[in-house]
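> Got a structure for you, written out below as structure tokens; questions coming shortly.
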Amino acid sequence: MLKRTNKCGELRATEAGRTVTLNGWVDSYRHHGSLIFIDVRDHTGVTQLVFDPDQGKEMYELAATYRREDVIAAQGKVVKRQSVNSKIPTGEIEIVVSKTERLNKCAKPPILPDEVHEDTGSVSEDSRLRYRYIDLRRPRMQEIIRTRHKVTQTIRNTMTAMGFCEIETPVLCKSTPEGARDFLVPCRLMPRTFYALPQSPQILKQILMMSGFDRYFQIVKCFRDENLRFDRQPEFTQLDVEMAFVEQDDIFAAFEQVIRAVWKELLGLEIAEIPRLTFDEVMNTYGSDKPDLRFGVKLYDLTEIAKKCDFRVFSTAIEAGGVVKAIAVPGAASFSRKQTDALGEWVKQFGAGGLPTTKVMAEGKLEGGIAKFVENVAPELIATLGANEGDLICFAAGKLDTANRVLGELRRKLGNELKLANENQWSMFWVVDFPLFLWNEEDQRWDSAHHPFCAPRPEQLHLLETDPHKITAQTYDFIINGHEMLSGSIRIHQPEVQQKIFQLLNISDEEAKDRFGFLIDAMSYGCPPLGGFALGLDRLIMLLCKTDNIRDVIAFPKTQTGADLMMQAPSAVDPKQLDELSLQLKPE
RNA sequence: GGGGCGGUAGCUCAAUUGGUUAGAGUCCCGGACUGUCGAUCCGGUGGUUGCGGGUUCGAAUCCCGUCCGCCUCGCCA
């Protein structure tokens, strides 16, 4: 074969006169009867080839049969072009081909690796996933997947420099019914038993700390058999980290070094000081535990002001011990009645009865919606909210949690729709002081807010018996632009404490022993204080590549029903295989 | 599991809202063309309108079921 001497994106005018060979895919071809132009593409870019019959009739005739996505080789002289194409980096030169070879003929291509054109539109994701190998040839996809590699490299280098050791943990693990649903793998050697794919290496990394590895990390696949979303795949990748002999600040310092290195390496940006906000603070101020702080639109408590209004919705809520809160959304005063009504319907899914609104007009006048009920407090209202002309004030009245949720969701939705966030800005911060437990109304019991190995603050241990909801966990999230990127905690390192937590979570000794016996044992044979975190790598890449589709950042992703459209997984299996596993299928 | 949107040529879409033989661009095939670069021009192949029922003189269009894709609520310690 004619082996390449250069890549398709690298030749410039300075190489004019040299004889080179290129290998690649036919990106486009233009026939002019006795002159053929072909743009040949590889991962580095495209170069124009010129085929002139004067350079050889056979060569020319072969080139005349080249079609899109054929794989070809071409040898020839680099010459400066008569007419420069300023759209491509190699546009100053072309190759006058003297020898060529077709390395592979492409069958009629089902899709083409084109970027979007005005009149042909973009290829549906179905087709892109089915013919992933063609889709991945697109420069944009190449860029994303290569960015991903650069991120993992940067992470590995930084973690290694900080003294972390990358250790692999098993993929065939033990099923634990807590948390997400497990993917199960039947065990042939022990019939009627199953492995589970890990939801995360949580327990194993804690054990590695007990084993004296001191600082562990792993870029690792995790599996959760739950329903999927735009940013969720059944298998996804985490940067998993655990550290021994540490407190919260040590973990923050370690991660901040990593994220700074990634932003420097990938974006050339220095990250300023990273703030820490408490859970209560973000919930009350932004109505979310992961707000996007690239724009304001804070929630304000208007309960006192609302008491002065003769509005049934407010008074009923306040009498029931609830609150009245509001946000002022810039520019939303232009919303039509139809739009505000639609918002009123939309918020019902978060427990609101409806959405009272009013518009801020010139000179601090209120108009529309519930204006007549709040006119009497207009100046106070506007001052408290810091509202301006053109804002739409949205109220939520009811229980504090509900009001926060409703306004938080509304803030997120309208922030997106009205593009309130500066696209070129990054908002990063830690959320700290989460509650350790959340009350589960449905089952009438306590649940871990994160997981059952999170350590309570030692000075609050006595509250375990009396007021579990008051206990603050040494748990933290890291938020970027309104997305939860990371979460972690200081773990429990004393078996007595762990047992108490299990008790409160209604996990019996027997159960605990069955599921986590090895962890408790390990903990009792010399366990250092420890903590760590897990970072969602796919979501991080999504942010860095500015895509809102997790499938874009994974080479071979799955659809919302967990299918791989290229390899056609999952699929039925041979009855023999089932038999070997002592499995039998339930009739439909 | 619930809700919403979608499925028409290999690909991206249209079809005057139930009415003649389901069209266009692109890809592919063939032809013309020596400076194109999303080449252009001419011709051609290509359809179980996701699938299965039903309503109707007549269904891509309406109804029921089902499958698939996307978004979303629940769910994801």
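If you want the working numbering, it's the position in the first sequence, counting the first as 1, plus 950. Note that the Cβ used here is the ideal one computed from N, Cα and C, for glycine as well. Quantities reported herein were computed from a predicted structural model and do not represent experimental measurements.
Please work out which residues of its chain come closer than 8 Å, Cβ to Cβ, to T1334, disregarding the five sequence neighbours upstream and downstream, and give them in chain order.
Sequence index remark: in the first sequence, residue 1334 carries index 384 (1-based). Answer for T1334: Y1250, L1252, I1255, listed in chain order.
> Buried or exposed for Y1426, going by 16 or more other Cβ atoms inside 10 Å?
Residue mapping note: residue 1426 aligns to position 476 of the first sequence, counting from 1. When all chains shown are included, Y1426 counts as buried.
> In whole angstroms, what separates the C-alpha of L1455 from that of L1368?
Residue 1455 sits at position 505 when you count from the first residue of the first sequence. Residue 1368 sits at position 418 when you count from the first residue of the first sequence. Rounded to the nearest angstrom, the two C-alpha atoms are 43 Å apart.
> Would you give the residue range spanned by the alpha helix (DSSP H) that R1361 belongs to?
Within the first sequence, numbered from 1, the residue matching residue 1361 stands at position 411. Residues 1350 to 1367.
> Under 8 Å Cβ to Cβ from P1525, same chain only, skipping five residues before and after it: list those, please.
Taking the first sequence and counting its residues from 1, the one referred to as residue 1525 is at position 575. Cβ within range, chain order: n/a, list empty.
> Using only alpha-carbon positions, find the residue among Q1410, I1117, D1397, R1441 that is nearest to I1169.
Sequence index remark: in the first sequence, residue 1169 carries index 219 (1-based). With distances taken between Cα atoms, I1169 lies closest to I1117.
> Per DSSP, K1450 is paired with what?
Locating residue 1450 in the first sequence gives position 500, where the first residue counts as 1. Looking at the DSSP assignment, K1450 forms no beta bridge with any residue, so it has no partner.
> If you scan the segment 1066 to 1138 from start to end, which runs of the alpha helix (DSSP H) of 4 or more residues do you find wholly inside it?
Counting only runs of 4 or more, we get 1075 to 1080, 1082 to 1085, 1089 to 1111.
> Quick one: what does DSSP say R1244 is sitting in, helix, strand or coil?
In the first sequence, the residue the question calls residue 1244 occupies position 294. It is coil, neither helix nor strand.
> Out of curiosity, what's the CA-to-CA distance linking R1501 and R1088?
Taking the first sequence and counting its residues from 1, one reaches residue 1501 at position 551. Taking the first sequence and counting its residues from 1, one reaches residue 1088 at position 138. Looking at the two C-alpha atoms, the distance is approximately 15 Å.
> List the endpoints of the continuous alpha helix (DSSP H) containing M1159.
The residue given as residue 1159 occupies position 209 in the first sequence. Residues 1152 to 1160.
> Which whole-angstrom value describes the C-beta separation of V1356 and V1297, a residue pair presumed to lie in contact below a C-beta threshold of 8 Å?
For the purposes of this step, residue 1356 is taken as residue 406 along the first sequence, with counting starting at 1. For the purposes of this step, residue 1297 is taken as residue 347 along the first sequence, with counting starting at 1. Correct: roughly 5 Å between the Cβ atoms.
> Look at A1278 and I1343 and say whether their C-beta atoms are less than 7 Å apart.
Looking up residue 1278 in the first sequence gives position 328. Looking up residue 1343 in the first sequence gives position 393. Contact: yes.
> For K1257, does the count of other Cβ atoms within 10 angstroms reach 16, so buried, or fall short, so exposed?
Looking up residue 1257 in the first sequence gives position 307. Flag for K1257 reads exposed.
> Quick check on this structure: which residue in P1280, T971, S1161, V1382 has the alpha carbon closest to the alpha carbon of R1407?
As a first step, residue 1407 is located in the first sequence; it is residue number 457 there, counting from the start. Nearest of P1280, T971, S1161, V1382 to R1407, Cα basis: V1382.
> How would you label M1009, buried or exposed, when you count the other beta carbons within 10 angstroms and need 16 or more for buried?
Stepping through the first sequence from its first residue, residue 1009 is reached at position 59. The residue is buried, with at least 16 neighbouring Cβ atoms inside 10 Å.
> Three-state secondary structure (DSSP) at G1467?
Position 517 of the first sequence, counted from the first residue, corresponds to residue 1467. Residue state, collapsed to three classes: helix.
> Give a yes or no on whether the C-beta atoms belonging to K1027 and T969 are separated by under 7 Å.
Position 77 of the first sequence, counted from the first residue, corresponds to residue 1027. Position 19 of the first sequence, counted from the first residue, corresponds to residue 969. Cβ atoms of K1027 and T969: closer than 7 Å.
> Do you know offhand how far F1300's Cα is from A1353's?
Counted from its first residue, the first sequence places residue 1300 at position 350. Counted from its first residue, the first sequence places residue 1353 at position 403. So the two alpha carbons sit approximately 9 Å from each other.
> Does the segment 1478 to 1491 come close enough to the segment 1196 to 1214 that 3 or more CB-CB pairs lie under 8 Å?
The segment 1196 to 1214 vs the segment 1478 to 1491: in contact.
> So V1232 and P1241 are supposed to be a Cβ contact under 8 Å. How far apart are they, rounded?
Counting from 1 along the first sequence, the entry for residue 1232 is found at position 282. Counting from 1 along the first sequence, the entry for residue 1241 is found at position 291. Indeed, because the Cβ distance is near 6 Å, the residues count as touching under 8 Å.
> By alpha-carbon positions, which one of A1013, R954, F1202 ends up nearest to P1003?
Along the first sequence, one-based indexing puts residue 1003 at 53. Comparing Cα positions, the closest option is A1013.
> What residue does the alpha helix (DSSP H) around N1177 start on, and which one ends it?
Reading the first sequence from its first residue, position 227 is the one you call residue 1177. That residue, N1177, is in no alpha helix (DSSP H); it is neither H nor E in DSSP.
> Taking only runs of the alpha helix (DSSP H) that begin and end inside the segment 1195 to 1262, which ones reach a length of at least 4 residues, in chain order?
Counting only runs of 4 or more, we get 1198 to 1217, 1229 to 1236, 1253 to 1256.
> Consult DSSP for W1296 and reduce its assignment to one of helix, strand or coil.
As a first step, residue 1296 is located in the first sequence; it is residue number 346 there, counting from the start. Residue state, collapsed to three classes: helix.
> How would you write the range of the alpha helix (DSSP H) that L1480 sits in, first residue to last?
Counting from one through the first sequence, the residue named residue 1480 turns up at place 530. Not the alpha helix (DSSP H): L1480 falls in the beta strand (DSSP E), residues 1480 to 1486.
> Based on Cα-Cα distance, which residue from M1517, F1133, Q1025, G1348 lies nearest to S1265?
To locate residue 1265, count along the first sequence from 1; it is residue 315. Of the candidates M1517, F1133, Q1025, G1348, the one whose C-alpha sits nearest the C-alpha of S1265 is G1348.
> Hey, L1350 and V1273: beta-carbon distance below 7 Å or not?
Stepping through the first sequence from its first residue, residue 1350 is reached at position 400. Stepping through the first sequence from its first residue, residue 1273 is reached at position 323. Yes; because the gap between Cβ atoms is below 7 Å, this pair is in contact.
> How is the beta strand (DSSP E) around Q1025 delimited, first residue to last?
Indexing the first sequence from 1 puts residue 1025 at position 75. Start and end: 1021 to 1030.
> Starting from T1050 and walking both ways along the beta strand (DSSP E), at which residues does that stretch end?
The count along the first sequence starts at 1 and reaches residue 1050 at position 100. T1050 -> beta strand (DSSP E) spans 1043 to 1054.
> Are Q1424 and R1244 touching if we call contact CB-CB under 7 Å?
As a working mapping, residue 1424 is identified with position 474 in the first sequence. As a working mapping, residue 1244 is identified with position 294 in the first sequence. Their beta carbons are not under 7 Å apart, which means Q1424 does not touch R1244 by this criterion.
> Quick one: measure Cβ to Cβ for V996 and G959, integer angstroms, because I've assumed they're closer than 8 Å.
Counting from one through the first sequence, the residue named residue 996 turns up at place 46. Counting from one through the first sequence, the residue named residue 959 turns up at place 9. So it is a contact: roughly 7 Å between Cβ atoms.
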